[in-house]
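As given, the protein sequences belong to chains L and B, one line each in that order.
Take any residue in the first sequence, count from 1 to its spot, add 9: that is its number in this note's numbering.
Take any residue in the second sequence, count from 1 to its spot, add 791: that is its number in this note's numbering.
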Amino acid sequence: MFEARLLKSGQLKKILEAIKELLKEATFDCSDSGIQLQAMDDAHVSLVSMCLKSTGFDKFRCDRNLSMGINLESMVKIMKCCSNDDIMTIKAQDNADTLTIMFETKNQEKMSDYEMKLMNLDQEHLGIPETNYSCIIKMPSSEFARICRDLSQFGDSLVIACTKEGVKFSTSGDIGSANVKLSQTSTFDKEEEGVTIEMTQAVCLTFACRYLNLFCKATPLSTQVILSMSGDVPLVVEYQIEELGCIRYYLAPKIEE
Amino acid sequence: GTTQGRLDSFFTVI
Numbered sequence: 010m011f012e013a014r015l016l017k018s019g020q021l022k023k024i025l026e027a028i029k030e031l032l033k034e035a036t037f038d039c040s041d042s043g044i045q046l047q048a049m050d051d052a053h054v055s056l057v058s059m060c061l062k063s064t065g066f067d068k069f070r071c072d073r074n075l076s077m078g079i080n081l082e083s084m085v086k087i088m089k090c091c092s093n094d095d096i097m098t099i100k101a102q103d104n105a106d107t108l109t110i111m112f113e114t115k116n117q118e119k120m121s122d123y124e125m126k127l128m129n130l131d132q133e134h135l136g137i138p139e140t141n142y143s144c145i146i147k148m149p150s151s152e153f154a155r156i157c158r159d160l161s162q163f164g165d166s167l168v169i170a171c172t173k174e175g176v177k178f179s180t181s182g183d184i185g186s187a188n189v190k191l192s193q194t195s196t197f198d199k200e201e202e203g204v205t206i207e208m209t210q211a212v213c214l215t216f217a218c219r220y221l222n223l224f225c226k227a228t229p230l231s232t233q234v235i236l237s238m239s240g241d242v243p244l245v246v247e248y249q250i251e252e253l254g255c256i257r258y259y260l261a262p263k264i265e266e
Numbered sequence: 792g793t794t795q796g797r798l799d800s801f802f803t804v805i
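Laid out in structure tokens, this is it:
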């Protein structure tokens, strides 16, 4: 028996919005520690890794490890049927081929339930090597989204260059070029408004704007984003979900021909 | 020019 109760269904809504354009379907691996998802997009250019801790749920029960193959488009349809502050419960029997999703309003005057068919997905688990990243940049997630959106007007590729002075985002294309430089914030009122850089070695890598913009769909989940980079390895774009867990996106860099 | 890398060359299937 698997059962998880979330006080704000809006959180799961935002999570699905953050992954549905990269993945059509995904396996949700449930265990007593929580729910995990790891999947690459069809082109094997990016990977989504999500972890929701059991302690982040109002109630969480998972008697036996359970892998649920979910069509994300179907789940998005169901999530459209609830309000952000509805309480939701997801439930499945062991070896079930369906998942039940229930919503209740806070005053419990409206209850609804939806049953969704589960899928058998061939899933490959990837080993992601432990990496000591040369640069770790923490910045407001809205600022990162703004930069990706603005610069993708000019070119398909975004160069991210991190030095101890700051981080520079650059692109160029038919109409010209664009650069945005952010320096480390010296003073800030709130931690989430600052830009901080931990750097052991300068790094400069090129990434596809299209994917970065898709990762930015996670912006509503977190005020901060963490970018981790090392030479010639995938970029990690991480959004912490308050009290619940995190979503990490990995993106293979573009390579000089 | 640049070409898009793939993750398969970085991560291994467990």
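Don't be surprised by glycine CBs; every beta carbon is placed ideally from N, CA and C.
When Cβ-Cβ separations below 8 Å define contact, Leu56 of chain L makes contact with chain B. If you ignore the 5 residues before and after Lys126 of chain L, its C-beta comes within less than 7 Å of the C-beta of Asp106, Thr107, all in its own chain and listed in chain order.
Taking 8 Å as the cut-off, the beta carbon of Ser18 of chain L is found no closer than this to the beta carbon of Met84 of chain L. Here Thr228 of chain L carries a helix assignment [DSSP, helix/strand/coil]. In this structure, the straight-line span from the alpha carbon of Cys218 of chain L to that of Tyr259 of chain L is close to 14 Å. Going by C-alpha positions, Gln210 of chain L is about 19 Å away from Ile264 of chain L. In summary, the residues of the segment 211–225 of chain L whose CB is separated from some CB of chain B by less than 8 Å are Thr215, Ala217, in the order they occur in the chain. Per the Cβ contact rule, the segment 231–238 of chain L is in contact with the segment 246–260 of chain L (3 or more Cβ pairs under 8 Å). Distances from the alpha-carbon of Val54 of chain L to those of L:Asn116, L:Lys119, L:Leu223 put L:Leu223 closest. Per the Cβ contact rule, the segment 31–43 of chain L is in contact with the segment 63–78 of chain L (3 or more Cβ pairs under 8 Å). When DSSP states are grouped into helix, strand and coil, Gly175 of chain L belongs to the strand group. Pro262 of chain L and Phe197 of chain L do not touch by the CB rule: their CB atoms are close to 30 Å apart, not below 8 Å. CA-to-CA, the gap between Arg797 of chain B and Gly203 of chain L works out to about 32 Å. Pairing Lys22 of chain L with Leu81 of chain L gives a Cβ-Cβ distance that is not under 8 Å. Minimum Cα-Cα distance from Thr64 of chain L among the listed residues L:Asn141, L:Ser195, L:Arg14 corresponds to L:Arg14. Counting only the Cα atoms, Ala35 of chain L lies some 21 Å from Cys90 of chain L. Counted as a single uninterrupted DSSP element, the stretch harbouring Lys86 of chain L is not any beta strand (DSSP E) but the alpha helix (DSSP H) occupying residues 81–88. Cβ contact annotation for Ser150 of chain L (same chain, cutoff 7 Å, sequence separation greater than five): Thr228, Ser231, Thr232, Gln233, Val234, Tyr248, in chain order.
For Ile146 of chain L, the uninterrupted beta strand (DSSP E) run begins and ends at 144–149, by DSSP.
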